[in-house]
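Undergrad: Here you go, one structure.
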DNA sequence: TTGTGGTGT
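In UniProt numbering, the protein residues as written are 1 to 637.
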C-alpha cells in the first residue's frame, strides 16, 4: 500500500491540514485519498480524540472502504474503524474513523445541528453533487462557524473531489487551500467522430464490431447506453450479427448491466473473460460511478444519458434522454484507463463535445425538493432562502415545495419568506420517507390502523416488488391474480406483504409468485426501521386487519394532492394540475373505472399515466382539505 | 393497453 502516490505527499498534506480549518483535496480515484487520509489524521492525533467522519454517496462504498481500512490498521471492523449506513451501524464507543453515507450524517444533524461529536468531517466524492452532499456543505459550514462562536471544539473540514469544479468549491469554502494528489490513471486516447451521428445506437454497434475485428481478444469493451430496453435490444442485435462473422474471430460475450437487472445476471459483467473471448459490457450510467469493471480497454461513449428533470409548474418529474456533460464524458473515459492505457471512442464530434455543458447540473436543481426542505426545517434552519447552498434550487422549485408542504399541513408561513414546522411536520420529519408517506403514517394514528399503514408505506417505498419478465408475462399476471383487489393497487400491495410474511420471507414463495425477493427484504428492513421510530415517538401500534376502507381513508387524507377524477370520456383529470391522465396498464384497476382515485406517482411516457392507485371516496378528499378542493373544483368548466 | 438513469435516510 505504501506505493500509493499519496504517501509521497503525506507530510505536506498533514502540515496543510494543521494550518487550515478547511482544505480541499483533489485527486482521481485510486489515488488512495479515501483510505489513507483518515488514517493520516488519526495517526497524527489531529482528531484530538473526537470522531473522524468520512462521508460517501453510496452504502456499498462506505462499508467496503471501512473494511479495507480496518484490515490495513489490523483491527476488526467496528473498533477503531467502523461504518454507519441505513439499517446497519457497526460503530462502537471505540470507533474514531467512521465511514458513513452522507445521508446518514445529514440525519444525525437533525439531532445535533453542530455535529459536536465530530472533530473532523471529510466530505468525499464531492464532485458527484448528490442532494445529500450539497445540503451537507451548508450544514457543516454553518457548524464550523457556530462552534467557534459558541466556544465548542474546533471542526475541521476536508472536501475531497475529482478534478472538476475546483474553483467553485474553493470559492464556496472561502478560498480554502487546494491540495493535489496524483492519481494512477494510465494514458487514454480519445477519438471523436468526424461527422455528427444521428443514430447513436447504430454507431455504437458499428464501433463495437470494428474494434472486435481489428483488436486482439481479451481487450474488453464497455459501451455506455441510456436504459434497459435499449441495452436489451443492442445485446440481441450483437448476438444476431455475431452469427454472420468469420469463425476465426474471438467469441463475443455480451453482458447487459443496469441497476434493475437481477443481481446474479449483473455478476456476469464482472467475471474475467476466458482466453479467445471478448467481453462487451452494455451499461447504463451505473458503470460511471457505482461499479468498476476490471479489464476494460475500450470505452464506447454514446454521449447520451437518461436523467430526471423537475418541472416546478406541473410538479412533474420527467425522465428523458439528454446529452451528457463534459465532466461525465471524462468520467466515462476514465473507465478505460484503470489498469493500462485505454482507448475511448466518443460517438460525437469534438465540436459537439465543446457544446456539452462543462458540468452536470447538480441533482438539487433537477429534482423535487419537498423532502429536502422538510429536512432542513427539522435540522432547525428557519430561513431556507438564506441557507448557504453551494448552488441553490430555483425559486420556483422552492416555492413549489413549500406549497406542497403547506397543503400537507407540515409547515406554516410565519413571515414574508419564513416557514415553520407544525406539530404534524415535526412528527413527519421523524421518518426517512417521502413526506406524503410520512403523513400517511400520522393519519393512521387516530384511525387505529398504524400496523397496516407501516406495511403499505414500506411497500410503496421500494421500486416495484412485482417481477414480470416479458416471456412469462401471462403466467406472472395469472399467478398474482389472487392478490388483486377492486379497491386498487395499494390493497393489493398489502395483500402481497401479508402473504410474504406468512411464507416467513420464503425465497421460493417469491419465485413461484413472481415477486422480487431482494426488494421484499428491503420492505422488511424499512418496516422494521419505521416501526422502531414509531415506538420511540410513542406512536401507538394499533391494528385493524379487516377494514381496508379505514386504511384507504387515511391514504386519501395523506395523498389528496394526488387525486384524480373520472371524466365522461373515460380519461381522468388530475385535480391538482388539471392534466389529463390515464390508469397505467400495469395497475390492477386498468380494466375498471372508479370515479375517484389517488395515485402514488405520475409517469410521463407516451402519455401521462398514474401508477399505483387507491380507490377513494370524494368525501374523504373534502375532509382532508376542504378549501383546496373547493377552489380546485370551482375552476372546472 | 405499458415500461423503470443512478443514489440515499
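Quick reminder that beta carbons are idealized off the backbone N, C-alpha and C, glycines included.
With distances taken between CB atoms, is the gap from residue 83 to residue 63 smaller than 9 Å?
TA: yes
Undergrad: Per DSSP, residue 84 is paired with what?
TA: 89 and 100
Undergrad: Extract the residue ranges of the alpha helix (DSSP H) inside the region 468 to 492, only unbroken runs of 4 or more that lie entirely within it.
TA: DSSP runs (the alpha helix (DSSP H)) wholly in the region 468 to 492: 473 to 479.
Undergrad: For the alpha helix (DSSP H) containing residue 215, list its first residue and its last residue.
TA: Unbroken run through residue 215: none, as it is neither H nor E.
Undergrad: Does the Cβ of residue 149 have 16 or more other Cβ atoms within 10 Å, making it buried, or fewer, making it exposed?
TA: exposed
Undergrad: Check whether the region 465 to 480 and the region 396 to 406 are in contact - that is, three or more C-beta pairs closer than 8 Å.
TA: Under the three-pair Cβ rule at 8 Å, the region 465 to 480 does not count as touching the region 396 to 406.
Undergrad: What's the C-alpha gap between residue 272 and residue 295?
TA: 8 Å
Undergrad: Would you identify the three-state DSSP class for residue 420, choosing helix, strand or coil?
TA: strand
Undergrad: Tell me, which residues are paired with residue 123 by DSSP?
TA: 55 and 159
Undergrad: Residue 410: buried (16+ other C-beta within 10 angstroms of its C-beta) or exposed?
TA: Residue 410 should be labelled buried.
Undergrad: Could you tell me the alpha carbon to alpha carbon distance between residue 577 and residue 235, rounded to whole angstroms?
TA: 40 Å
Undergrad: For the alpha helix (DSSP H) that residue 566 lies in, which residues bound it at each end?
TA: From DSSP, residue 566 is part of no alpha helix (DSSP H) but of the beta strand (DSSP E) over 563 to 566.
Undergrad: Distance, Cα to Cα, residue 633 vs residue 520?
TA: 39 Å
Undergrad: Output yes or no for whether 9 Å exceeds the beta carbon distance between residue 599 and residue 556.
TA: no
Undergrad: Between which two residues does the alpha helix (DSSP H) carrying residue 220 extend?
TA: Run containing residue 220: none in the alpha helix (DSSP H); it sits in the beta strand (DSSP E), 220 to 224.
Undergrad: By the 10 Å Cβ neighbour count, where 16 or more other Cβ atoms means buried, how is residue 196 classified, buried or exposed?
TA: exposed
Undergrad: In angstroms, rounded to a whole number, what distance separates the CA positions of residue 502 and residue 488?
TA: Cα-Cα distance, rounded: 22 Å.
Undergrad: Out of 421, 15, 20 and 491, state which residue places its alpha-carbon closest to the alpha-carbon of residue 40.
TA: 15
Undergrad: Which residue spans inside the region 508 to 565 form an unbroken alpha helix (DSSP H) run of at least 4?
TA: 517 to 536 and 548 to 558
Undergrad: Going along the chain, which residues of its own chain have a beta-carbon closer than 7 Å to the beta-carbon of residue 23, five neighbours each way excluded?
TA: Excluding residues within five positions, the ones whose Cβ falls inside 7 Å are 16, 17, 158, 176, 177 and 179.
Undergrad: Can you check DSSP and say which residues form a bridge with residue 322?
TA: 305
Undergrad: Check whether the region 381 to 400 touches the region 134 to 143, counting contact only when three or more Cβ pairs, one atom from each stretch, lie closer than 8 Å.
TA: Yes, the region 381 to 400 is in contact with the region 134 to 143.
Undergrad: Please classify residue 527 as buried or exposed, where buried requires at least 16 other C-beta atoms within 10 Å of its C-beta.
TA: buried
Undergrad: How is the beta strand (DSSP E) around residue 574 delimited, first residue to last?
TA: 572 to 574
Undergrad: Under a three-way DSSP split, which group does residue 406 fall into?
TA: helix
Undergrad: Which residues does DSSP pair with residue 255 in a beta bridge?
TA: DSSP lists 281 as partners of residue 255.
Undergrad: For the beta strand (DSSP E) holding residue 195, just list the boundary residues, first then last.
TA: Here residue 195 belongs to no beta strand (DSSP E), and DSSP marks it neither H nor E.
Undergrad: Just to check, is the beta-carbon of residue 201 closer than 8 Å to a non-hydrogen atom of the ligand GDP?
TA: Looking at this structure, you won't find the ligand GDP or any other ligand, since it has none at all.
Undergrad: DSSP puts residue 24 in a beta bridge; with which residues?
TA: 159 and 178
Undergrad: DSSP on residue 295, reduced to helix/strand/coil?
TA: coil
Undergrad: Within 10 angstroms of its Cβ, does residue 368 collect 16 or more other Cβ (buried), or is it exposed?
TA: So residue 368 ends up on the buried side.
Undergrad: Does the pairing of the region 215 to 225 with the region 358 to 377 give three or more beta-carbon distances under 8 Å?
TA: no
Undergrad: Who are the Cβ neighbours of residue 153 in its own chain at under 8 Å, not counting the five residues just before and after it?
TA: Residues of the same chain with a CB within less than 8 Å of the CB of residue 153, apart from the 5 flanking positions on each side, are 48, 50, 116, 119 and 147 in chain order.
Undergrad: I'd like to know whether the C-beta atoms of residue 336 and residue 297 end up nearer to each other than 9 Å.
TA: In this structure, residue 336 sits near residue 297, with a CB-CB distance shorter than 9 Å.
Undergrad: For residue 165, is the classification buried or exposed, using 16 other Cβ atoms within 10 angstroms of its Cβ as the cut-off for buried?
TA: buried
Undergrad: Nearest CA to the CA of residue 604: which residue from 627, 21 and 311?
TA: 311
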